[in-house]
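*Asks:* Just so we're aligned, residue 12 is where the sequence shown starts under our numbering, counting upward by one. Even glycine gets a Cβ: it sits at the ideal position worked out from N, Cα and C. I have a structure here, written as structure tokens, and I will follow up with some questions on it.
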Amino acid sequence: MIKIKRSDKPKELTDEIQNKLTRKFKQDKKEVWRKKYITDALFKMSNGKCCYCETTLGEEGKALNVEHYHHKDKYPDEVVKWDNLLPSCSRCNSNKGTHDTVLEPIIDPTVDDPKDFLYFKNYRYKSIDRNEKGLNTIHVLYLNDTNGLVKVRFNVCNALCDKLLDIEELLQEYIQGTSNSTRRKNRIVNGIKDILICAQPTKEYSSIIASTIVNDDSYKYIKQELDGLGLWGYELKELEDGAKKIMLDMK
12 MIKIKRSDKP
22 KELTDEIQNK
32 LTRKFKQDKK
42 EVWRKKYITD
52 ALFKMSNGKC
62 CYCETTLGEE
72 GKALNVEHYH
82 HKDKYPDEVV
92 KWDNLLPSCS
102 RCNSNKGTHD
112 TVLEPIIDPT
122 VDDPKDFLYF
132 KNYRYKSIDR
142 NEKGLNTIHV
152 LYLNDTNGLV
162 KVRFNVCNAL
172 CDKLLDIEEL
182 LQEYIQGTSN
192 STRRKNRIVN
202 GIKDILICAQ
212 PTKEYSSIIA
222 STIVNDDSYK
232 YIKQELDGLG
242 LWGYELKELE
252 DGAKKIMLDM
262 K
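Quick look at the structure:
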């Protein structure tokens, strides 16, 4: 989970339209929020990911659920209030169900920064100092679903860690002079760049990837050696900064 910047509401969602849709929902409980201009804006706002678990929502947001932070049945006046709408996957939306976030708040990634409430341990979310909002978020959304999420996080991160080991070996050979061609140098630099790209906020599971990579011993070694060789350039620095902004503590 990462901090998301709330975009401006769609121009089509005027006060007049919002009031009209709200009245309609109160009358017949129809899905008045399923408007393309709403789903498109939410999809773009989260870079096409679930705002909670960071799962990709599919091509053009076809799997996007319009999540109501304050549940629409309990708080119908907010059914199309822009600040109450979030993009989520069906799993997180279903798990949250009718949970009352007024009585028991969970993290709203457009308001709260998840790193203030959560950290990672063994590819699972944990609540910092067992704070209530963090605990509510983990349990209500079932963010530590072993088969649905934890194994996926492990597999994705494990594959990237294997790639880091490969790059470390290539780098050692480059430093020792056994293979120090321009081709080898480019393979090393572009390899670490590709891994850091996976840790950017636009990418699926970016928070756990960023947290894992930046704390990895092979990554630290590669960065140190490339920096010493003058190969840790502006692009790599920018990518690392992007990863560090969204990473959570790991324990």
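Who are the Cβ neighbours of K60 in its own chain at under 7 Å, not counting the five residues just before and after it?
*Replies:* Once the five neighbours on either side are set aside, the close Cβ partners of K60 are T66, T67, L68, E215.
*Asks:* Please classify T109: is it buried, with 16 or more other beta-carbons within 10 angstroms of its beta-carbon, or exposed?
*Replies:* So T109 ends up on the exposed side.
*Asks:* Using three-state DSSP, classify H82 as helix, strand or coil.
*Replies:* It is coil, neither helix nor strand.
*Asks:* How many angstroms separate the CA atom of V167 from the CA atom of I206?
*Replies:* Cα-Cα distance, rounded: 11 Å.
*Asks:* Under the rule that 16 or more other beta-carbon atoms within 10 Å means buried, what is V91, buried or exposed?
*Replies:* When all chains shown are included, V91 counts as buried.
*Asks:* Output needed for L152: all residues of its chain with C-beta closer than 8 Å, excluding positions within five of it in sequence on either side, in chain order.
*Replies:* The answer, listed in chain order, is Y63, C64, C103, N106, K107, I117.
*Asks:* For the alpha helix (DSSP H) that Y134 lies in, which residues bound it at each end?
*Replies:* No alpha helix (DSSP H) holds Y134; DSSP gives it neither H nor E.
*Asks:* Using three-state DSSP, classify K214 as helix, strand or coil.
*Replies:* The answer is coil: DSSP assigns K214 none of H, G, I, E or B.
*Asks:* In whole angstroms, what is the alpha-carbon distance linking S99 and T121?
*Replies:* About 13 Å.
*Asks:* Which residue's Cα is closest to the Cα of C172: G202, G145, I186, G188?
*Replies:* Nearest C-alpha to C172: G202.
*Asks:* Name, in chain order, the residues that DSSP records as bridge partners for K60.
*Replies:* K60 is bridged to T67.
*Asks:* What span of residues does the alpha helix (DSSP H) with L182 cover, start to end?
*Replies:* That run of the alpha helix (DSSP H) goes 162-187.
*Asks:* Please return the same chain residues whose Cβ sits closer than 6 Å to the Cβ of I186, not counting the five positions on each side in sequence.
*Replies:* Result list for I186: empty, nothing under 6 Å.
*Asks:* So the candidates are Y48, Y134, P125; which of them puts its Cα closest to the Cα of E143?
*Replies:* Checked all of Y48, Y134, P125; the closest Cα to E143 is P125.
*Asks:* Would you please state the rounded distance, in angstroms, between the beta carbons of I220 and F131? I believe it to be under 8 Å.
*Replies:* Between F131 and I220 the Cβ distance is about 11 Å, and since that is not below 8 Å, they are no contact.
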